[in-house]
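S.K.: Input: one structure, supplied below.
If you want it as structure tokens, here you go:
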């Protein structure tokens with residue numbers, strides 16, 4: 003029996019431990035942040051232009067088809083989530099300028115699209131009439147003596 007050695011076999015060298023990457027210089031961070039912002043704005047513009055052209059109706063003789071903005075606004079939310087992921091990735095690389103810019107873009111795109119979705123959902127819901135003043139309904143049903151004064 004030969005004793006086992008915790009050291010690797012002779013002739014095999016392990017690579018040195020990886021050092022953390024150097025942070026980007028400020029000008030490089032500005033360039034990366036600006037490039038990512040332009041890319042995200044271009045993707046958002048494409049999604050909104052597709053929505054515009056899908057809802058564009060030039061024939062005045064026929065009623066315009068109803069086009070829901072939900073899929074297009076969800077695409078903008080997805081772009082915002084991607085910006086958030088980029089903020090996390092660049093924060094891990096210690097490029098804080100890029101991380102902060104991407105975090106702000108993520109918040110702007112995601113919150114803006116979610117507010118648009120909430121507005122659309124509220125706008126699409128049928129309006130309920132205001133309740134009549136005074137007593138509305140009865141606890142035990144309209145046919146009981148409790149509601150006799152209401153004509154029930």
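Residue numbers (the numbering used here): 3 to 154. Beta carbons: idealized from backbone N, C-alpha and C, even for Gly. Remember, it's a predicted structure, so these values are computed and weren't measured experimentally.
In the DSSP assignment, the alpha helix (DSSP H) including residue 69 goes from what residue to what residue?
M.R.: Along the chain shown, read from residue 1 onward, the residue named residue 69 stands at position 67. Careful: residue 69 lies outside any alpha helix (DSSP H) and carries neither H nor E.
S.K.: Give the C-beta separation of residue 89 and residue 97 to the nearest angstrom, bearing in mind that I take them to be a contact with Cβ-Cβ under 8 angstroms.
M.R.: Here residue 89 refers to the residue found at position 87 when the chain shown is read from its first residue. Here residue 97 refers to the residue found at position 95 when the chain shown is read from its first residue. About 10 angstroms separates the two Cβ atoms, so there is no contact after all.
S.K.: Quick one: what does DSSP say residue 193 is sitting in, helix, strand or coil?
M.R.: Nothing about residue 193 can be reported from this structure: the residues present for the chain run from 3 to 154 only.
S.K.: Can you check whether the CB of residue 53 is closer than 8 angstroms to the CB of residue 67?
M.R.: Stepping through the chain shown from its first residue, residue 67 is reached at position 65. Stepping through the chain shown from its first residue, residue 53 is reached at position 51. No. Outside cutoff.
S.K.: Taking C-beta to C-beta, are residue 93 and residue 111 nearer than 8 angstroms?
M.R.: Start at 1 with the first residue of the chain shown, and residue 93 comes out as number 91. Start at 1 with the first residue of the chain shown, and residue 111 comes out as number 109. Not a contact, by the Cβ cut-off of 8 angstroms.
S.K.: On the three-state DSSP scale, how would you describe residue 119?
M.R.: Reading the chain shown from its first residue, position 117 is the one you call residue 119. It is helical.
S.K.: Do residue 69 and residue 80 have their C-beta atoms within less than 8 angstroms of each other?
M.R.: As a position in the chain shown, residue 69 is number 67, starting the count at 1. As a position in the chain shown, residue 80 is number 78, starting the count at 1. The answer is no: Cβ separation not under 8 angstroms.
S.K.: Look at the alpha carbon of residue 123 and the alpha carbon of residue 21, and state the distance between them as a whole number of angstroms.
M.R.: In the chain shown, residue 123 corresponds to position 121, counting from 1. In the chain shown, residue 21 corresponds to position 19, counting from 1. For residue 123 and residue 21, the distance between alpha carbons rounds to 50 angstroms.
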